[in-house]
Amino acid sequence: MKKIIWALALLGAPLLVGSSDAQDLGGIVEVSQGATADGVASQVRIDDLDDETDQLTRDYRAALKQLAALREYNGQLEKLIDGQKKEMVSIRQQIEDVTNVDRTIMPLMFRMIDALEQFVKLDVPFLSDERRARVANLRALMDRSDANPAEKYRKILEAYEIENEYGRTIEAYEGEMDINGEARTVAFLRIGRVALVYQTLDGEESGAWDRTQAQFVDLNGDFDSELRKALRIAKQQAAPDLVVVPVTVGQ
């Protein structure tokens with residue numbers, strides 16, 4: 001009976017000791033679990049900090065790239081602004097040059113028109129209305145603000161070229177002529193600036209411009225047939241041929 005009790009006592013003793021140790025182990029386990037939880041939380045915070053650091057690093061690198069791009073853009077922009085400043089200086093200089101040219105060429109163009117008008121007045125009186133109108137148009141052009149000096153100058157040169165061309169061409173045209181106080185339609189023949197003659201449409205009366213008298217004179221029928229022939233040639237109604245026309249020579 002004692003052996004059994006002793007055995008039970010021996011068996012019971014470890015159990016009693018095990019209960020005390022279990023309490024201690026439980027505390028250790030709880031501490032260990034708390035430490036583990038704290039460690040996990042710390043690791044989470046560390047991981048979060050690592051992620052944050054990585055993100056900040058990426059943001060920093062992106063900011064550096066953006067800064068480099070902005071610096072490059074600013075550099076290009078400065079070059080563009082410098083180029084525009086130089087262009088503005090050039091444009092201002094061109095405007096000043098044009099203004100100076102205008103001040104010089106405008107009086108010249110007016111003198112050219114005056115000279116052309118005087119020339120038309122003193123020249124052989126062919127196409128008088130047309131030529132006077134051309135001069136008047138030039139004067140009107142000079143008053144237009146929408147026409148630049150280059151266009152005005154070009155028109156004046158064109159008028160001079162037309163006048164110059166008259167001296168090298170032959171022309172037949174119809175116009176009004178005062179004959180013995182009566183307005184009649186006649187055929188004019190211009191041979192350069194050498195001769196200007198007229199003939200009535202019936203071919204019965206003819207006249208020529210006399211430079212010395214500065215007026216038309218009657219030819220008294222001396223050149224009627226020659227003038228009829230010359231008019232046909234000028235109108236391209238007959239083949240080119242030699243004709244005799246009256247020419248007056250000034251003193």
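Just so we're aligned: 240 in the numbering used here is position 240 of the sequence shown, and the numbers increase by one with no gaps anywhere. From the three backbone atoms N, C-alpha and C, an ideal C-beta is built for every residue, glycine too.
N-terminal and C-terminal residue of the beta strand (DSSP E) that residue i is part of
{"i": "D210", "result": "S206 to D210"}
{"i": "L196", "result": "A195 to T200"}
Under 8 Å between C-beta atoms of residue i and residue j
{"i": "D146", "j": "R193", "result": "no"}
{"i": "A234", "j": "L189", "result": "yes"}
{"i": "T248", "j": "A208", "result": "yes"}
{"i": "Q267", "j": "E205", "result": "With the chain covering only 1 through 251, there is no way to say anything about residue 267."}
{"i": "R132", "j": "A159", "result": "no"}
{"i": "V186", "j": "L227", "result": "no"}
{"i": "K79", "j": "M109", "result": "no"}
{"i": "A195", "j": "P246", "result": "yes"}
{"i": "D114", "j": "P149", "result": "no"}
{"i": "D210", "j": "V217", "result": "yes"}
{"i": "E161", "j": "F119", "result": "no"}
{"i": "K229", "j": "A238", "result": "yes"}
{"i": "A183", "j": "E176", "result": "yes"}
DSSP three-state assignment for residue i, whether helix, strand or coil
{"i": "F216", "result": "strand"}
{"i": "F223", "result": "coil"}
{"i": "T185", "result": "strand"}
{"i": "F126", "result": "coil"}
{"i": "K3", "result": "Confidence at K3 is low in this model, with a pLDDT of 46, below 50, so the placement of that residue is unreliable and no value is reported for it."}
Exposure label - residue i; buried when at least 16 CB within 10 Å
{"i": "A63", "result": "exposed"}
{"i": "T156", "result": "It should be noted that the sequence gives Ile, not Thr, for residue 156. Buried: at least 16 other Cβ atoms inside 10 Å."}
{"i": "L201", "result": "exposed"}
{"i": "V243", "result": "buried"}
{"i": "L138", "result": "buried"}
**Study point:** Runs of beta strand (DSSP E) wholly within the segment 129-183 (minimum 3 residues, chain order)
**Key:** 170-179
Point to revise | 4-residue-minimum alpha helix (DSSP H) runs that sit fully inside the segment 46-110, ordered along the chain | key: Within the segment 46-110, no run of alpha helix (DSSP H) reaches 4 residues while sitting entirely inside it.
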